[in-house]
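Below you can see the structure in the form of structure tokens.
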């Protein structure tokens with residue numbers, strides 16, 4: 100009697116999870132399916148559960164591949180900005196985090212508290228003075244302007260510090276005896292040991308940069324400097340008739356990320372669970 | 225070519241020994257850590273500290289290109305207006321709803337995902353997580369089309385299936401809030417589930433066995449064993465959700481840009497953007513920002529106080 104009850108319970112719970120997963124995945128699946136429907140219809144009626152299979156078309160994709168050079172310009176901008184952000188922010192943040200973890204120096208605790216504090220300070224508070232500053236520095240509408248606020252990321256510093264605390268310190272002493280410089284120790288010995296943390300942070304920073312919205316919205320002015328989110332948002336106007344680019348473009352923005360996620364799930368999860376990061 | 229003809233050997237030697245001393249200095253354990261943290265210090269000063277001070281100063285100024293005048297509390301006096309109240313009340317309701325949803329639902333989901341009852345855990349976990357990979361613009365584009373005004377858009381198809389009238393989702397106060405809360409919950413649910421799943425790993429299994437021996441039922445075990453162990457992570461997740469909720473801007477922007485009908489989607493940061501950037505009234509925008517950070521600090525502090533996060537963990 101009891102086991103029967105339990106199987107019923109099991110079934111209910113598992114079916115509920117199937118339903119919940121479906122709800123979670125539905126928006127993305129519906130985007131994928133709708134990208135093969137006529138853009139004019141999507142613009143007028145939105146995404147619909149009912150449509151005839153005969154109207155499916157690849158027109159949105161042929162259009163974006165042949166007519167929409169601006170979309171590819173945005174794609175390029177986003178790729179360049181995200182890769183540079185990953186490289187620079189991992190380089191600088193790992194240096195800082197490593198130093199906080201392995202060296203005893205005056206001010207160590209203060210700097211660490213500062214890192215924690217900045218994580219809590221909303222970027223939005225700083226956005227107006229920063230905006231002013233970037234105008235004064237004539238940095239508006241440049242890649243650098245988009246990247247700078249992300250380059251030393253406190254959240255990444257924090258993560259690298261926690262990771263570096265677990266590094267074997269004996270290796271450092273051994274290397275010192277061999278005459279390796281402190282910099283050599285970091286770049287040649289410790290960095291390779293920190294590789295998993297680099298993978299996680301590359302994903303965190305890459306995603307933050309790829310999806311970054313508010314700051315690029317402020318500093319990017321001309322269409323050919325737009326990143327993908329800004330470019331796509333510019334198509335979201337009520338008068339827009341670019342739903343063909345918007346929808347196939349959205350698909351091509353998110354699908355590469357999902358594919359990366361499927362292959363590197365572990366790093367995504369450890370990277371994104373460091374601290375409620377908004378993208 | 226290789227040697228500089230004007231320098232004697234002695235001079236070269238002296239220079240190289242100075243270089244050596246310089247390198248030794250840079251390599252000493254006293255200096256190295258400071259070299260390593262230099263990027264952080266520079267970026268903190270330039271991109272956080274100075275702007276923060278400036279934001280505070282600006283809030284007492286009228287900022288016009290080329291001329292800035294000190295105007296005392298005027299910006300703050302102007303904040304007390306109906307539009308700001310609307311923005312603040314929208315944001316507050318949004319924070320309350322998102323915090324409730326993004327704490328309670330993930331706890332329930334993660335407890336089930338952690339139990340032996342659920343199969344295909346990896347798949348369920350991954351599918352809950354995938355929405356967080358979508359940028360807010362892509363997510364917003366989808367939501368706009370799912371919640372379209374047309375009768376054949378998904379949301380209205382569902383609503384009419386249950387016998388209700390189709391809704392103009394983006395044009396009612398209640399449905400506007402629903403859209404923003406749903407969008408946020410959809411994107412962050414999976415991430416919070418991960419937090420709670422990680423925390424559940426740390427609950428000692430013997431406690432459940434002990435509870436079994438004492439004859440505790442499932443709900444009692446959840447209330448008296450699981451929940452107390454989840455407390456730190458509940459505090460963490462709710463703190464983050466509160467801060468992120470007050471920072472909210474994008475979830476509204478994707479539905480209405482910066483002009484929602486009757487300001488039904490206006491948020492505090494949206495108001496800052498409208499006034500500071502679009503109207504070019506930076507001083508006023510900065511004052512809104514200062515008020516916002518005060519609100520965030522006070523609420524986070526009270527919340528941490530109430531939940532006992534400041535107490536030492538010796539009980």
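Protein chains in written order, with the numbering used here: chain A, 100 to 378; chain B, 225 to 539.
Even for Gly, the Cβ is constructed at its ideal location relative to N, Cα and C.
Remember, it's a predicted structure, so these values are computed and weren't measured experimentally.
Just checking: is the beta-carbon of residue 248/A within a distance shorter than 8 Å of some beta-carbon in chain B?
yes
In terms of alpha-carbon separation, which member of 441/B, 489/B, 345/B, 412/B lies closest to residue 396/B?
489/B
By how many angstroms is the C-alpha of residue 167/A removed from the C-alpha of residue 240/A?
21 Å
Residue 345/B, DSSP secondary structure in three states:
helix
With C-beta atoms as the reference, is residue 546/B less than 8 Å away from residue 353/A?
Since the first residue shown for chain B is 225 and the last is 539, residue 546/B is missing from the structure and cannot be characterised.
List, in order along the chain, the chain B residues whose C-beta lies closer than 9 Å to that of residue 145/A?
368, 369, 370, 371, 372, 373, 374, 376, 377, 378, 379, 380
Residue 294/B by DSSP, collapsed to three states: which one?
strand
At which residues does the alpha helix (DSSP H) containing residue 407/B begin and terminate?
397–424
Give the single residue among 341/B, 381/B, 476/B whose Cα lies nearest to the Cα of residue 110/A.
341/B
Could you check which residue in 298/A, 139/A, 260/A has the C-alpha nearest to that of residue 389/A?
Examination of residue 389/A is not possible in this model, given that chain A is present from 100 through 378 alone.
For chain B, is any of its Cβ atoms less than 8 Å away from the one on residue 322/A?
no
Within this structure, are the beta carbons of residue 299/B and residue 284/B separated by less than 8 Å?
yes
Answer yes if the stretch 196–203 of chain A comes into contact with the stretch 257–274 of chain B, meaning at least three C-beta pairs across the two stretches below 8 Å, and no otherwise.
yes
Secondary structure of residue 333/B, DSSP reduced to three states:
helix
Interface residues of chain A facing residue 390/B [CB-CB closer than 9 Å]:
Here the premise fails: no neighbours, minimum Cβ distance about 11 Å.
Between the alpha carbons of residue 330/A and residue 173/A, how many angstroms are there, rounded?
7 Å
I'd like to know if residue 325/A contacts chain D, where contact means its C-beta is closer than 8 Å to some C-beta of that chain.
Considering every chain present, this structure includes no chain D. Its protein chains are A and B.
Cβ-based neighbour list, residue 497/B, same chain, cut-off 8 Å, excluding 5 preceding and 5 following:
473, 482, 509
For residue 376/A, count neighbouring Cβ atoms within 10 angstroms of its own Cβ and tell me buried if that reaches 16, exposed if not.
Only weak support exists for where residue 376/A lies, its pLDDT of 39 falling under 50; the coordinates are left without a value.
Of the choices 480/B, 476/B, 315/B, 465/B, whose alpha-carbon is the least far from that of residue 524/B?
465/B
Quick check on DSSP: helix, strand or coil for residue 225/A?
helix
Can you round the beta-carbon distance between residue 138/A and residue 342/A to whole angstroms, since I take them to be within the 8 Å contact cut?
4 Å
Please identify, using Cβ separations under 7 Å, the residues of the stretch 268–295 of chain B that lie next to chain A, in order along the chain.
268, 271, 272, 275, 276, 278, 279, 282
Counting C-beta neighbours from all protein chains within 10 Å, is the total for residue 210/A 16 or more, i.e. buried, or is it exposed?
buried
Establish whether the CB of residue 157/A and some CB of chain B are separated by less than 8 Å.
no
Note down, in chain order, every chain A residue with its Cβ under 8 Å from the Cβ of residue 471/B.
221, 222, 223, 377
Helix, strand or coil for residue 286/B per DSSP?
strand
Which residues in the same chain as residue 293/B place their Cβ atom closer than 6 Å to its Cβ, once the five residues preceding and following it in sequence are excluded?
286
Using a Cβ cut-off of 8 Å (strictly closer), state whether residue 310/A contacts chain B.
yes
Just by C-beta distance, which residues in the stretch 174–198 of chain A are closer than 7 Å to chain B?
191, 194, 195, 197, 198
If you reduce the DSSP assignment to three classes, tell me which class residue 272/A lands in.
helix
Buried or exposed by the 16-neighbour rule on C-beta atoms within 10 Å, applied to residue 269/A:
exposed
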